[in-house]
Each structure stands twice: as structure tokens, then as C-alpha cells.
Amino acid sequence: MKISKITIVLAVLLTFGSCAELQQVVNNLPTTGGPVTQEEIIGGLKQALEFGVVEGVNILNKEDGYFKDEAVKILLPEELQKVDATLRKIGLSNLADEGLKVLNRAAEDAVSEAKPIFVQAIKDFTFADAKTILTSSNDLAATEYLEGSTSTKLAAAFEPKIAASLDKVGANDIWATIIQKYNTVPLVKPVNPNLTEYVTNQAIDGLFVKVGDKEKEIRNSVSSRTTALLQKVFALQ
């Protein structure tokens, strides 16, 4: 495994007790443009995540943003795969196709509402978090930190947006028809899926994929560090 100077030096930070000692080590890190402060390290990582959120939202918040991107496309859960297969057997393939499409349309419509929720979550970033992320060899360390620390809160905040979007794009009506037709088929076990919860979780997962793509890009491509702060902080890698 390739271990950079910043990984070794920041690992030493864990052995220091005071902020003054931590800052002294940070000041000695090899960078261009002068020493990097704790605030700059935190700010640089926050900026990278915010850029990832904004770019991810912009990509996904349009028609087919989810639906035609295989990396994030919302597929049917196991329970609804049975419904889909049954509808196709009885000649309702068009209805089955539309059912899948409207789930993605709801996510595409609602995802812009996630931007302020994510940005607010990023504001809680600390220097301890920054140390952990910068000393990691994982190109998705910042994204995984954000996902692990915010997913539950994000789902709770985002779910009402998805519920409104399901209604806005007509998904609730389409799926009411789908479930009604399926449940009248002889010998099938009736289903009553929670579409709001499912689409919420899938939409958030898809956005994290895009945030992760941006983090990897910033970590691995100097040209993607489009601000002085990003250039300064990520040069430490």
C-alpha cells in the first residue's frame, strides 16, 4: 500500500494532547502556499463534499438522471419484482414499465431538496473527522463519513419530499393500479409496499454514489481542485 507523508504525519497527530501541539505539526506539513491550518483542512474537506453534493444533485435532478444511469437507477425491491413479473405474464408489460419509471421520476424530482439537508450536515465536520479522513487510504473516506453520520437524519428529512414527489409525478396512482391488479390475480400473496421509504433510501444511496465520484475525482486529479483551498489541502495527500 502506498503511504504518503501526510498519512504518516497526520497519524502522529493522534498522540498529541493540546491544540497548540496539533497546530505545530500541521504547520510543518509540506505544502505549497504556506502552512495549512486546522480550519483550512476542515474547510477543504467540507468544500469537497459540498461540491460533490451540488454536482450530484445537478446530475440527478433532471429527467432520466436516475432512470438512465445504471450506477444509481432505482430498481424494484424483491417484493415488487414478483409483482412486475406477474404483470408481464398477464400482458401488462407497459404498466410494469411505467411503474419502474415513475419511481425514478420521483427521485429525480425530489433530489434537489436534499442539497440544503446535506450542506447542513456537512457543517458539523470537525478537525478530528478531518484527521481520520486525510489519514485514510480510502478514496471515499469523506463520503463514507458523511453517509455514516447523516443517513438516518437525512432519510427522516428527505422522506416527506419523496412522498410529495411520488404524488406529483403520478407514481402513487400508477402503483395503486398496479397493486390492485396484482392482488386480484388468483393464488398470489397480496402486497402493500412502502414506496416512500424505499424510494427515499434508494435516492439517497444514489446521491452518495455521485458525491463519492466527485471525492475520488478531487483526490486523484489536480485539475479537479478548482479552488485555492482544495489545491492547498488536497496537496497534502
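Just so you know, the sequence shown maps onto residues -20 to -1, 1 to 217 in mature numbering (1 follows the signal peptide of the UniProt record, and there is no 0).
Ideal Cβ placement from N, Cα and C applies to all residues, glycine included.
Note that the coordinates shown come from a computational prediction; the quantities given were computed from them, not determined experimentally.
Cβ separation of residue i and residue j, assumed to be a contact under 8 Å, to the nearest whole Å
i    : j    : result
V82  : L216 : Wrong, their Cβ atoms sit about 46 Å apart, outside the cutoff.
Y46  : V52  : 5 Å
D89  : S145 : 4 Å
K94  : L187 : With the sequence shown as reference, residue 94 is identified as Ala, and Lys is not the correct amino acid for it. The Cβ separation is near 6 Å, so the contact holds.
V165 : I97  : Not confirmed; about 40 Å, so no contact.
Short Cβ contact (8 Å threshold) for residue i with residue j
i    : j    : result
R68  : A76  : yes
A132 : V191 : One point to set straight first is that residue 132 is Thr, not Ala, in the sequence displayed. Not in contact: T132 and V191 (Cβ atoms no closer than 8 Å).
S171 : Y162 : Checking the sequence, you will find Val at residue 171 rather than Ser. Yes, Cβ-Cβ distance for V171 and Y162 is below 8 Å.
D119 : R205 : no
A135 : T180 : yes
T130 : A101 : yes
V91  : A183 : yes
F31  : K194 : yes
T176 : A137 : no
I54  : L114 : no
L56  : D64  : yes
Y125 : D147 : no
Min CB distance residue i to chain D below 8 Å
i    : result
S117 : The chain inventory of the structure shown lacks chain D, comprising one protein chain alone.
Secondary structure of residue i, DSSP reduced to three states
i           : result
S117        : coil
T106        : coil
F31         : helix
L67         : helix
V189        : helix
R50         : In the sequence as displayed, the identity of residue 50 is Glu instead of Arg. E50: coil per DSSP, three-state reduction.
E197        : helix
K62         : helix
D44         : coil
L55         : coil
N172        : coil
T206        : coil
A101        : helix
P96         : helix
V16         : coil
residue 246 : Limits of the chain in this structure are -20 at one end and 217 at the other, which puts residue 246 out of reach.
* Asked: Which ranges would you report for the beta strand (DSSP E) in the segment 116 to 167 if only whole runs of at least 3 residues count?
  -> If we require 3 residues or more, the segment 116 to 167 turns out to have no beta strand (DSSP E) run fully inside it.
* To do: Give a yes or no on contact between the segment 95 to 106 and the segment 23 to 43, applying the rule of three or more CB pairs nearer than 8 Å.
  => yes
* Taking 8 Å as the threshold, find out whether the segment 52 to 64 comes into contact with the segment 138 to 153 through three or more Cβ pairs. => no
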